[in-house]
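Residue numbers (numbering that gives the first Met the number 0), protein chains in the order written: chain A, 0 to 356; chain B, 0 to 356; chain C, 0 to 356; chain D, 0 to 356.
A short write-up of the structure that comes next.
There are 4 protein chains.
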Amino acid sequence: MSMMKAAVFVEAGRIELADKPIPQPGPNDALVRITTTTICGTDVHILKGEYPVAKGLTIGHEPVGIIEKLGSNVKGYEEGQRVIAGAICPDFSSYASQDGVSSQADGCSCHGYKPMGGWRFGNTIDGTQAEYVLVPDAQANLAPVPDALTDEQVLMCPDIMSTGFGGAEKADIKIGDIVAIFAQGPIGLCATAGAKLRGASCIIVVDGVDSRLEIARQMGADVTLNFRNVDVVEEILKITGGRGVDAAIEALGTQLTFEQSLRVLKPGGTLSSLGVYSQDLSIPLGSFLAGLGDHKIITSLCPGGKERMRRLLNVVASGRVDLAPLVTHEYKLDAIVDAYDLFANQRDGVLKIAIKP
Amino acid sequence: MSMMKAAVFVEAGRIELADKPIPQPGPNDALVRITTTTICGTDVHILKGEYPVAKGLTIGHEPVGIIEKLGSNVKGYEEGQRVIAGAICPDFSSYASQDGVSSQADGCSCHGYKPMGGWRFGNTIDGTQAEYVLVPDAQANLAPVPDALTDEQVLMCPDIMSTGFGGAEKADIKIGDIVAIFAQGPIGLCATAGAKLRGASCIIVVDGVDSRLEIARQMGADVTLNFRNVDVVEEILKITGGRGVDAAIEALGTQLTFEQSLRVLKPGGTLSSLGVYSQDLSIPLGSFLAGLGDHKIITSLCPGGKERMRRLLNVVASGRVDLAPLVTHEYKLDAIVDAYDLFANQRDGVLKIAIKP
Amino acid sequence: MSMMKAAVFVEAGRIELADKPIPQPGPNDALVRITTTTICGTDVHILKGEYPVAKGLTIGHEPVGIIEKLGSNVKGYEEGQRVIAGAICPDFSSYASQDGVSSQADGCSCHGYKPMGGWRFGNTIDGTQAEYVLVPDAQANLAPVPDALTDEQVLMCPDIMSTGFGGAEKADIKIGDIVAIFAQGPIGLCATAGAKLRGASCIIVVDGVDSRLEIARQMGADVTLNFRNVDVVEEILKITGGRGVDAAIEALGTQLTFEQSLRVLKPGGTLSSLGVYSQDLSIPLGSFLAGLGDHKIITSLCPGGKERMRRLLNVVASGRVDLAPLVTHEYKLDAIVDAYDLFANQRDGVLKIAIKP
Amino acid sequence: MSMMKAAVFVEAGRIELADKPIPQPGPNDALVRITTTTICGTDVHILKGEYPVAKGLTIGHEPVGIIEKLGSNVKGYEEGQRVIAGAICPDFSSYASQDGVSSQADGCSCHGYKPMGGWRFGNTIDGTQAEYVLVPDAQANLAPVPDALTDEQVLMCPDIMSTGFGGAEKADIKIGDIVAIFAQGPIGLCATAGAKLRGASCIIVVDGVDSRLEIARQMGADVTLNFRNVDVVEEILKITGGRGVDAAIEALGTQLTFEQSLRVLKPGGTLSSLGVYSQDLSIPLGSFLAGLGDHKIITSLCPGGKERMRRLLNVVASGRVDLAPLVTHEYKLDAIVDAYDLFANQRDGVLKIAIKP
């Protein structure tokens, strides 16, 4: 039995490289040889034991690679083809998917839902920080990568680009909108790029790290606010002449950014929430006009599937958006423990790390 | 100068009948002689001093009456015509209205919003619990009442029917949906009727008063739950086989009902909130899946304007919905202090009181 | 090899009962023993040779039956369970489905579409007018039938109910809308029921057969017009005070009904087209205001999949809609040639025929 | 009585400069002194007698100017302020506007519509090719111009930018869409800019004039096709791998471009039609799959109102879109007859002409 290297969760605080057998694809799977993957903020939650996964599970959910072997039911692909798959690999035959929420999944009861059930890599099945990964429901989830694009150019598609753009899409941005985006980590930066793609005419971004605010400008931000220097709520209300923004995107997952998002939002506006929260949220009475402000609060999980990936690849290929500045570092898979250390401690201006098996 | 009777706010705890001059319409106003009006839960908040209005203001925002005099710019109506106007009388020329939120209004800055600015009767201008009322922006707000309909039949259109139906509309109900509605006061009952009108195939309603649950059945409820007898969250999850409801409507304005609405909502579902809250809200982490559940929370204020009223009058005229059972009492305007006493204390199974000047 | 009876297309003008082997399910299929099926207008087009299918193909696309055998990949069902499947059995893993049009399908090129590709029964694979049928992509398409419902009650779900309701859904009907529906055959009648379910307050239906207009009243029609007696365009404009209807549904597929739908439609209104046309359509210049009327014309194909079926079954179970009056006749499968003769010639007030193997 | 110069319709073939009294504003009007205006394709239809207007009417509907005098009811503006108003000046109090179609208007009957009723300048009231113009419903229609923007920069906002962007908005473009746009006159070019603003990743444009195709590239076109050199339907299907485009925008108003738009559209796609047609349209049976292709055809008229203008001005101010290349010529109002001659005959690469009183 052939063996491979894989980054596995050992216990809270420890992700280590281990040897595992290369898996064999079932009829609906594809075995993909990873050429590039990366580490996500969620992986750090797993590392710290804040999000529970099974011991021994391979971590990671952002694959770029080559089809090594196709399951017998998977048609229209070829072994040797370069592909990506979304961080979320939906089962599109499920009630949940047919009902329009493919990132969720069916549960144990006949048509109950399994929350976040579409997220399988590095959560409920072995993930992508390894030499090989099995892509489930491959027919629905494998997306061919155009030859002209490098691994690095498409590495953001599976998760942060899909999530960030999704945040802009759910914010229902209209041409001429003023949009505020709270936090400019990788997902917030993609939300900025997404807001520009949807026609916002003024994008105000907030973060505490100047280097991120600078990259935000490259992504389309018109106004950058460092919350260490200004009262961002006051400033945004001033910029908008007291009107508030048409849409706010929360891209961190804290009470403070959630609340600020509401406080700068016009009556009738949409708060698109991308953050993963770790505690109960409070909605201050005044911030949503006691329930009479025609506000919308929309949470969302990263959209997946091959059609979503195809569209994101189109965007990359068009040159409309260049996410290359987000890949700040590169590590060998062998050195992934060091990469986690760098990323978890946010040293050296790290945004995303290309991991190469 | 001719005088009229009007119910005015004196101080917290006191609404009294007073004599006031009959107002004269400006060029865009209409003077309407009230034939029937009613008391709303919001008026009770005003009575108790929980919602501040100017001393001496005439209360009430639900007018049925006869056009007494038209402003010089108001075209297409006739004096003597029977009309209603919405509780919310939007200024449709405002930035807010043109932006799709006509229940809000423009504020002091050039295009800032005035939250809830569309609500003027008994809030920022004299209201309808009087012999006469001035309807502002009359061209946009006067809706003729078909002869075949009685005052009582159309008395719910200006506020609770528009609000309750709006709650069902914002819940984005689809054919075959399972919907839960929390609280079956007048607005919750209208939300029930609205959910049926939109094609829900199973409407589960929750209240603590059996007589209201009975009326809810007349409005279209399929399952009625008295929260004094059952754990409603557990029961609703059981009824839906663990899946949760497609949409939940909150029609009270408390932490408990808001939270229950979230707890019974499927991933991807919509919480349509109608209640007027009086304190900060808490969103428990689990109830919205840490922000990853594709949930939507939508608040809304009663839609107004003559086109909205025309459609609601169409529904009444069609016989699709009969809200007559909601008018449980009738009082003369002279006895309105007694009517407030009955209504504020929710005695005698009161739902809505027809007030007749 | 076990044999079964099946109604097969022989040549234009001839559908005959033939003996065929009972098929064996592949890993993603289910073999269903048909207990009730029916004949659709489309089948008559096939019979007449107007819509080409392969010689020897089993016709029919509306199955009610019992699971006889499940493919090895199909989970969560049991042999012996009573089920339906939609007339359209989408492949939800396709690009087309993931893109929101599951009734279409992927084509030969990597992500081109195969128009109407979701329609397989009696079109590209053997259909349901037989003792047994193979349901493709069974995991996505089998919908369990509640015990309390009879075959006749659910027989309309796979096609005409899904199509007719879909027509009302695509018409974007709002509470208080006035809707006109052209033709009251089985699909038009279901569109009438659907329009009522969505909250139309006035439904005007048009047909040339008085008995159909009578059934239309049971389905929710408020005004019935026999085009043999009145100028329907003139009449509808009169009823609407010159305004036109908010939405029109075309349910036949002719130039005349399409054109009338446009002529009675208000500026800004939606024409939802369900008919299968057999010739080029003409849009008269005046009927759509030279392209400046803010009109929407939306065509649609019957939605399928187990979630759609689940919702329709919910509607039937709720008693909101009773389509029993549409099943006017019953025939044994052995007599299906006679049934076609009755149905194709529209004798004896036939609407739908229950066919029993 | 003070007099002014105005370009008036005399008879088919003749628009001439005439002297007219400077009008006085009624209570809801504003008198605006025109500083820049332009000629639209619609004006040429009027010139040729193809679209009937009253003899002696002042033509033109694209105003940039200075408020000279405000009606007594118009609040929040100042005389001397620079403003624009939309080509369409809606009456937002109308049933039509409250119903969501503000470019249409109420008709003679109580709530019938007046088609295109929002278009008043140079159609039903005196227009903008004059020294002064009365803006009706000024409170709703006057939009202040930021000081930093020149007249030329904002001259496209009232009509072609609003129309063209509207065409992209109605096409429901999604991130990653492939869009085809037929005709690259001023409106088609704005549709191209609008499609880019909405996130299309591949914009294919079609015209017969190479210089227009070149400007189209500046507006965001990725692929330009000259219909004189290629079979555009075949070419677009080839580019899209047989799939067809996600959305097509028709920006001319002919049978050919309408039909080509349909022929390149994927099943489930949207055809957004902007053209003003002058004859009946034919929909070839195959082009819309006999009515079973889940196609949407949406026509629209230019959106107006001060909120729309505010948003378009935001876009111009942001630098996201630069329409300066579209203003190819400048004429004095005195020479407007020559300007019409140039524009009507499309000489000298003319796109839009700035007219200066």
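Even for Gly, the Cβ is constructed at its ideal location relative to N, Cα and C.
Chain B has no Cβ within less than 7 angstroms of the Cβ of I58 (chain A). In the DSSP secondary-structure assignment, V205 (chain C) is bridged to C:F181, C:L224.
Excluding residues up to 5 positions away in sequence, L188, T191, A192 lie with their Cβ nearer than 6 angstroms to the Cβ of M218 (chain D) in the same chain. Within chain B, no residue has its beta carbon less than 9 angstroms from that of F91 (chain C); the closest one is some 16 angstroms off. Straight across, the Cα-Cα distance linking P283 (chain C) with V134 (chain D) is about 34 angstroms. In its chain, beyond the 5 residues on either side, G207 have a beta carbon closer than 7 angstroms to the beta carbon of R227 (chain A).
Sequence-distant Cβ neighbours of C88 (chain C) in its own chain, meaning closer than 7 angstroms and more than five residues away, are G117, R119, F120, V134, P135, D136, N140, G303. Contact of Y50 (chain C) with chain D is not assigned, every C-beta pair being separated by 7 angstroms or more.
The C-alpha of I66 (chain A) is placed about 23 angstroms away from the C-alpha of L16 (chain A). Residue contact with chain C for P266 (chain D): present (Cβ-Cβ distance below 7 angstroms to some residue of chain C).
Going by C-alpha positions, V320 (chain B) is about 7 angstroms away from V314 (chain B). When C-alpha distances from V231 (chain D) are compared across D:R242, D:A220, D:E49, D:V205, the shortest belongs to D:V205. Under the 7 angstroms criterion on CB atoms, A142 (chain B) is classed as non-interfacial with respect to chain D. Taking all protein chains in view, the Cβ of S161 (chain A) is crowded by 16 or more other Cβ atoms within 10 Å, so the residue is classified as buried. In this structure, DSSP gives F164 (chain A) a helical state, which the three-state scheme calls helix. With fewer than three CB-CB distances shorter than 8 angstroms, the stretch 318–333 of chain C does not count as touching the stretch 332–345 of chain D. Per the Cβ contact rule, the stretch 162–175 of chain C is not in contact with the stretch 58–72 of chain C (fewer than 3 Cβ pairs under 8 angstroms).
Taking the CA atoms as reference points, F342 (chain B) sits about 16 angstroms from G48 (chain B). Ranked by Cα distance from G12 (chain C), the first of C:A215, C:G292, C:L291, C:H44 is C:H44. Scanning chain A for C-beta atoms nearer than 7 angstroms to the C-beta of L311 (chain D) yields G175, reported in chain order. Buried is the label assigned to S272 (chain A), since at least 16 other Cβ atoms lie within 10 Å of its Cβ. In the DSSP assignment, G126 (chain D) is bridged to no other residue. Taking the beta carbon of C201 (chain C) as reference, the chain B residues within 7 angstroms of it are N313, S317, listed in sequence order.
An exposed status is given to P145 (chain C), since fewer than 16 other beta-carbon atoms sit within 10 Å of its beta-carbon. With 16 or more other Cβ atoms from the protein chains shown falling within 10 Å of its own Cβ, A353 (chain C) counts as buried. Out of A:R81, A:A199, A:E77, A:G55, the CA that lies nearest to the CA of I174 (chain A) is found in A:A199. DSSP, reduced to helix, strand and coil, places Y94 (chain B) within a helical segment of the structure shown. When secondary structure is reduced to three states using DSSP, T239 (chain D) falls in the coil class, being assigned neither helix nor strand. The stretch 283–296 of chain C makes contact with the stretch 291–299 of chain D: 3 or more CB pairs, one atom from each, lie closer than 8 angstroms. By the criterion of a C-beta distance shorter than 8 angstroms, G268 (chain D) is surrounded in its chain by G243, V244, D245, A246, A247, H294, K295, once the five residues flanking it on both sides are discounted. Neighbours of E168 (chain A) in chain D, taken as residues at a C-beta separation under 8 angstroms, are given in chain order as K173, I174. Listed by position along chain B, the residues whose Cβ is nearer than 9 angstroms to that of D136 (chain D) are S92. The criterion of a C-beta distance shorter than 7 angstroms is not satisfied by M2 (chain D) and P24 (chain D). In the structure shown, A194 (chain B) adopts helical secondary structure according to DSSP, grouped into three states. Judged by DSSP in its simplified three-state form, K169 (chain A) adopts helix.
Nearest in C-alpha terms to T41 (chain D), of all of D:C201, D:P26, D:G59, is D:G59.
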